[in-house]
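Protein chains: 2
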Amino acid sequence: MKRRKVGNMLGLAVLSALVERPMHPYEMASVLRERGKEADMKIKWGSLYTVVGNLEKHGFVATVESVRDGARPERTIYRLTDAGRAELEDWVAELLAEPDLEPTKFQAGLSIMASLGPDEVADLLTKRLTALEKRLAERVAVLEASRAEVPRLFLVEGEYELVLLRAEIEWVRGLRDDLATSALPGVAEWRHYRETGELPEDLTAFTEGGQEWKAGPGGSAGTPPPGPGKPSNRFRGRGSDPQAAITGYGPALAGAVRPTHRTGVQP
Amino acid sequence: MKRRKVGNMLGLAVLSALVERPMHPYEMASVLRERGKEADMKIKWGSLYTVVGNLEKHGFVATVESVRDGARPERTIYRLTDAGRAELEDWVAELLAEPDLEPTKFQAGLSIMASLGPDEVADLLTKRLTALEKRLAERVAVLEASRAEVPRLFLVEGEYELVLLRAEIEWVRGLRDDLATSALPGVAEWRHYRETGELPEDLTAFTEGGQEWKAGPGGSAGTPPPGPGKPSNRFRGRGSDPQAAITGYGPALAGAVRPTHRTGVQP
DNA sequence: GAGCTTATACTCGTCTGCGAATACTCGTAG
DNA sequence: CTACGAGTATTCGCAGACGAGTATAAGCTC
């Protein structure tokens, strides 16, 4: 993957603004704000001059002139170069064609949720749910105002956000309910550990190499289980340490699960 | 929102590793790698020593000892402090309770997709679709290997990822098809502009304050249309400039749309 | 046992991000 | 006419991120 000379998303916004006409930095900010670009990308205005400077350094924009308007400070006007135009198109193409690989912060949080107790997690998820629903309502409301004025074509980002929002809401609700009702296997043990500090004796077996639950094609697909680890690794694996099991480190194989409860997918 | 003293997600991973037992940095890396934490958060190992140093500076971890093991370089062992434990719990709680507000890069890309042409965008979306499906297949495969060994409880992050992945796939497919078949209003005009450079004369009206399409409560809800702009803004608004319209800046009101085609949601 | 690769364990320097501060000007309420 | 707050336009400084580099040890191969 070729690394972008200027990686800050604000740079992309700047390039896209300059397509229209040359501007000075502050004007770019005004235009982008007016266009509601802040809803589509996280923009830190403090980076504006740095980013524009970097774009210039790499030849994506060029100075047109420096004008002094009355007693105001001098303003430097920038225009898009051919290289800048190309960079913009290439960048957009990349954003559209390549999925974001980085996991979300929420996913990170889920992966270590065992640092807390199940009931606390359920409460936190309820808070999240409230916030998500509020946001959803906001977005829908904004739509109701927009759709009369703007063609669908320019609203796709918003549709996308809505779809993901709804998917997340549904899933979070399912998980919360399963935690609250202990419908998810292991929750009872987890709660017990949290309340008493005792590890259930059968936990190790429960977590470790799951005997006959589904001996099927498992075994060594993907990363091999750490239990009978390779001698090359001198740190002890999760398997040998029940504490590690309850502290909730996902398995080396973490990633997916066949859905059987209703947070899951496909019947 | 209180700002985190150490904001790097790698710091969270480090804290979570130290819950188990004191370690030196390299060992943390080994453990985290082994646990597959890389699948749950974007980790740059180059930041490890900086981050551990920062955690120490802020009292979240403390030095236990420096040992020299044979001729190897000296290693500093760190342990979690009470403050560190508290920080970990607070951090996880925040991650679970507060939705990620930042839009994804894909959303940013969508919001300026008009920098390209509709057919090109459709191609790029097809590429994305392929990549997404590949990733989905990978994740499902990893599951098949995991589920025999690990309780559901430790796989929720993976389930979440799957759900979002499927939602995105479905939506992207819908959009691509609508672009390819011009089912989405405005695509024909967009393509025409791209091919000939001509702006359809009715575009301005089409984009601008949509007369009677839905006069309802619209009008001044949300940000008012820039056309008859306030005198406070001296830069001209989208409305007065057809070029701006086709260059695809979303409206000031961008965000959502009532779904009517199948990329949409709810019946 | 020479020479290769892989793992261990860090360090460094550069580049960037961005919060906060600065400074000037204009409209307007008193 | 004058003080004030809102808008205009930019600079600065420093913390932090992280790619790349370094150096040694332990296996492994022929």
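Here the protein sequences come in this chain order: A and B.
Position one of the first sequence corresponds to residue 1 (our numbering), numbered consecutively onward.
Position one of the second sequence corresponds to residue 268 (our numbering), numbered consecutively onward.
All residues carry an ideal CB built from backbone N, CA and C; glycine is no exception.
Please read these numbers as outputs of a predicted model, since none were measured by experiment.
Helix, strand or coil: how does DSSP classify residue i here?
{"i": "residue 64 (chain A)", "result": "strand"}
{"i": "residue 41 (chain A)", "result": "coil"}
{"i": "residue 77 (chain A)", "result": "strand"}
{"i": "residue 214 (chain A)", "result": "Interpretation of residue 214 (chain A) is limited by its pLDDT of 28, a score under 50 that renders its predicted location unreliable; the figure taken from the coordinates is listed afterwards. If DSSP states are grouped into helix, strand and coil, residue 214 (chain A) belongs with coil."}
For residue i and residue j, what's the separation of their Cα atoms in angstroms?
{"i": "residue 434 (chain B)", "j": "residue 167 (chain A)", "result": "7 angstroms"}
{"i": "residue 283 (chain B)", "j": "residue 46 (chain A)", "result": "33 angstroms"}
{"i": "residue 128 (chain A)", "j": "residue 365 (chain B)", "result": "5 angstroms"}
{"i": "residue 342 (chain B)", "j": "residue 136 (chain A)", "result": "50 angstroms"}
{"i": "residue 48 (chain A)", "j": "residue 63 (chain A)", "result": "16 angstroms"}
{"i": "residue 543 (chain B)", "j": "residue 172 (chain A)", "result": "Since the first residue of chain B shown is 268 and the last is 534, residue 543 (chain B) is not available in this structure."}
{"i": "residue 162 (chain A)", "j": "residue 112 (chain A)", "result": "27 angstroms"}
{"i": "residue 286 (chain B)", "j": "residue 385 (chain B)", "result": "52 angstroms"}
{"i": "residue 327 (chain B)", "j": "residue 420 (chain B)", "result": "28 angstroms"}
{"i": "residue 33 (chain A)", "j": "residue 311 (chain B)", "result": "32 angstroms"}
{"i": "residue 274 (chain B)", "j": "residue 295 (chain B)", "result": "18 angstroms"}
{"i": "residue 199 (chain A)", "j": "residue 100 (chain A)", "result": "38 angstroms"}
{"i": "residue 143 (chain A)", "j": "residue 159 (chain A)", "result": "9 angstroms"}
{"i": "residue 358 (chain B)", "j": "residue 279 (chain B)", "result": "8 angstroms"}
{"i": "residue 14 (chain A)", "j": "residue 85 (chain A)", "result": "11 angstroms"}
{"i": "residue 169 (chain A)", "j": "residue 140 (chain A)", "result": "15 angstroms"}
{"i": "residue 193 (chain A)", "j": "residue 116 (chain A)", "result": "11 angstroms"}
{"i": "residue 441 (chain B)", "j": "residue 375 (chain B)", "result": "18 angstroms"}
{"i": "residue 292 (chain B)", "j": "residue 89 (chain A)", "result": "41 angstroms"}
Just to make sure I have the definition right: I need the residues of chain A whose C-beta is within less than 7 angstroms of the C-beta of residue i. Which are they?
{"i": "residue 327 (chain B)", "result": "In chain order: nothing, as chain A lies at least about 14 angstroms away."}
{"i": "residue 283 (chain B)", "result": "112 and 115"}
{"i": "residue 273 (chain B)", "result": "Under the 7 angstroms cutoff, chain A gives no residues; its nearest Cβ is about 14 angstroms from residue 273 (chain B)."}
Just mark residue i as buried or exposed, buried being the case when its beta carbon has 16 or more other beta carbons within 10 Å.
{"i": "residue 360 (chain B)", "result": "buried"}
{"i": "residue 3 (chain A)", "result": "exposed"}
{"i": "residue 424 (chain B)", "result": "buried"}
{"i": "residue 307 (chain B)", "result": "buried"}
{"i": "residue 448 (chain B)", "result": "exposed"}
{"i": "residue 371 (chain B)", "result": "buried"}
{"i": "residue 401 (chain B)", "result": "exposed"}
{"i": "residue 195 (chain A)", "result": "exposed"}
{"i": "residue 413 (chain B)", "result": "buried"}
{"i": "residue 416 (chain B)", "result": "buried"}
{"i": "residue 324 (chain B)", "result": "exposed"}
{"i": "residue 354 (chain B)", "result": "buried"}
{"i": "residue 464 (chain B)", "result": "exposed"}
{"i": "residue 254 (chain A)", "result": "With a pLDDT of only 29 at residue 254 (chain A), under 50, the local geometry of the prediction cannot be trusted, and the value read off the model is given with reservation. The residue in question, residue 254 (chain A), is buried, as its Cβ has 16 or more Cβ neighbours within 10 Å."}
Which chain A residues sit within Cβ distance under 8 angstroms of residue i?
{"i": "residue 452 (chain B)", "result": "151, 152 and 153"}
{"i": "residue 312 (chain B)", "result": "Within chain A, no residue comes near residue 312 (chain B); the closest Cβ sits about 15 angstroms away, beyond 8 angstroms."}
How about residue i and residue j: do their beta carbons lie closer than 8 angstroms?
{"i": "residue 51 (chain A)", "j": "residue 10 (chain A)", "result": "yes"}
{"i": "residue 418 (chain B)", "j": "residue 344 (chain B)", "result": "no"}
{"i": "residue 55 (chain A)", "j": "residue 122 (chain A)", "result": "no"}
{"i": "residue 176 (chain A)", "j": "residue 126 (chain A)", "result": "yes"}
{"i": "residue 451 (chain B)", "j": "residue 106 (chain A)", "result": "no"}
{"i": "residue 332 (chain B)", "j": "residue 42 (chain A)", "result": "no"}
{"i": "residue 391 (chain B)", "j": "residue 432 (chain B)", "result": "no"}
Going along chain B in order, which residues have a C-beta closer than 9 angstroms to the C-beta of residue i?
{"i": "residue 193 (chain A)", "result": "Result: empty, since nearest Cβ-Cβ is about 12 angstroms, beyond 9 angstroms."}
{"i": "residue 168 (chain A)", "result": "366, 427, 430, 431 and 434"}
{"i": "residue 125 (chain A)", "result": "363 and 364"}
{"i": "residue 87 (chain A)", "result": "Near residue 87 (chain A) there are no residues of chain B at all, since even the closest Cβ is about 11 angstroms away, more than 9 angstroms."}
Give the residues of chain B in contact with residue i, contact being defined as C-beta atoms less than 7 angstroms apart.
{"i": "residue 135 (chain A)", "result": "366"}
Identify the contact partners of residue i in chain B, using a Cβ-Cβ distance below 8 angstroms as the criterion.
{"i": "residue 93 (chain A)", "result": "383, 387 and 391"}
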